[in-house]
Amino acid sequence: MIHLWREIEDLKKNIMSLAMSVESMLKEATKAIEDHDTELAREIILKDNEIDRREVEIEEDCLKMFALYQPVANDLRLIVGMLKINNDLERMGDMAVNLSKNAIYMSEYSRPELNPHFTFEEISSKSLEMVRMSLDAMFNQDDKLAADVCKMDDDLDDMVRNMISYLKNEMTKAPSNIGVLLRYINIFRYFERIGDLATNIAEDTIYMVDGKIVRHGAF
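If you use the numbering used here, the sequence shown corresponds to residues 71 to 289, in order.
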């Protein structure tokens, strides 16, 4: 099974490389929104095809290992976990693209003064922190850190829910700002979804380490 071991090591390296690329895209997309940087936003959008290509290659490698080696026990859990994480990383890349498209739209309009309980920076930072922690947990096979990520998801959901409620209320006060406020709602929902994907990665890390399935409110 030495060939399987080598291919698993290559799989880990490829997943790590993809994860770092996707995390960078998310950070850049957040910066593009903050800085009204349309050029940066367009650069992120152009990276999406490369992320998609790498995701397909990793999936094909996983399926090849299933067919050739029929892995069992720990090896099987690891490959299954990596296959699922690979898909979540590709979807995170899609979220970075969605954020970038909204950054481009919002750069063309003045932004209304907002005074919500939570700021854009707080919500985006919380979401990106969950991504960083989930990837650290995956790289280090740290089930305790992964569990911490899962526990953070409800807090992020509450922050986004409160923000969206505030923005909807602002629409009734200033109908002329509805277009921009709707974009803000989209953006915060994307950050919420990014947190969900980070939670998925954390849950799959726990599965790879302990063999435990912790979805559906286990935390």
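Where is the CB? At the ideal position from N, CA and C, for every residue including glycine.
| query | Could you give the residue range of the alpha helix (DSSP H) that holds I283? | reply | On the sequence shown, position 213 is the one that residue 283 refers to. Looking at the DSSP string, I283 is not in any alpha helix (DSSP H), and its letter there is neither H nor E.
| Helix, strand or coil: which one does DSSP assign to K117? | For this step, residue 117 is matched to residue 47 along the sequence shown. Reduced to three states, the DSSP call for K117 is coil.
| What does a CB cutoff of less than 8 Å around I78 pick up in its chain, not counting 5 residues either side in sequence? | Taking the sequence shown and counting its residues from 1, the one referred to as residue 78 is at position 8. Excluding positions up to five away in sequence, the list reads M135, D145, L148, I149.
| field | Inter-residue CB distance, I85 and M152 (contact presumed, cutoff 8 Å) | value | Numbered from its first residue, the sequence shown carries residue 85 at position 15. Numbered from its first residue, the sequence shown carries residue 152 at position 82. The pair is a contact, with the Cβ atoms about 5 Å apart (cut-off 8 Å).
| Considering only residues of the same chain and omitting the five flanking positions on each side of F293, which have a CB-CB separation below 7 Å? | Only positions 71 to 289 of the chain appear in the structure, and residue 293 is not among them; the question remains open.
| How big is the Cα-Cα spacing for D105 and H73? | Residue mapping note: residue 105 aligns to position 35 of the sequence shown, counting from 1. Residue mapping note: residue 73 aligns to position 3 of the sequence shown, counting from 1. The straight-line gap from Cα to Cα measures roughly 48 Å.
| query | Nearest-angstrom Cα distance between D266 and S246? | reply | If you number the sequence shown from 1, residue 266 lands on position 196. If you number the sequence shown from 1, residue 246 lands on position 176. Cα-Cα distance, rounded: 32 Å.
| query | To which residues of the same chain is E129 closer than 7 Å at the C-beta, ignoring the five residues directly before and after it? | reply | What you label residue 129 is simply residue 59 of the sequence shown in a count that begins at 1. Result list for E129: L153, N156, in chain order.
| task | Jot down the residue ranges of each uninterrupted alpha helix (DSSP H) in the segment 83-131, minimum 4 residues, whole runs only, in chain order. | result | 108-116
| Roughly how many angstroms lie between the CA atoms of D218 and K97, to the nearest whole one? | Along the sequence shown, read from residue 1 onward, the residue named residue 218 stands at position 148. Along the sequence shown, read from residue 1 onward, the residue named residue 97 stands at position 27. If you take the alpha carbons of D218 and K97, they lie about 21 Å apart.
| message | If contacts are defined as beta-carbon pairs under 8 Å, then D213 and I276 qualify, I think. What distance do you get, rounded to the angstrom? | response | Translated into positions along the sequence shown, residue 213 becomes position 143. Translated into positions along the sequence shown, residue 276 becomes position 206. D213 to I276, Cβ: 5 Å. Contact.
| What's the gap between the Cα of I103 and the Cα of M95? | Translated into positions along the sequence shown, residue 103 becomes position 33. Translated into positions along the sequence shown, residue 95 becomes position 25. When rounded, the distance between both Cα atoms is 12 Å.
| query | Thinking just about the alpha-carbon of each residue, which of T108, N239, A111 is nearest to the one in L252? | reply | Indexing the sequence shown from 1 puts residue 252 at position 182. Checked all of T108, N239, A111; the closest Cα to L252 is N239.
| Counted within 10 angstroms of its Cβ, other Cβ atoms place R123 as buried (16 or more) or exposed | Position 53 of the sequence shown holds residue 123. Answer is exposed; the Cβ neighbour count stays below 16.
| field | Minimum C-alpha distance to T142 - residue among L88, L81, M278, D224 | value | Counting from one through the sequence shown, the residue named residue 142 turns up at place 72. Looking at the sequence itself, residue 142 is Val, so the reference to Thr does not match. Cα-wise, what sits closest to V142 is M278.
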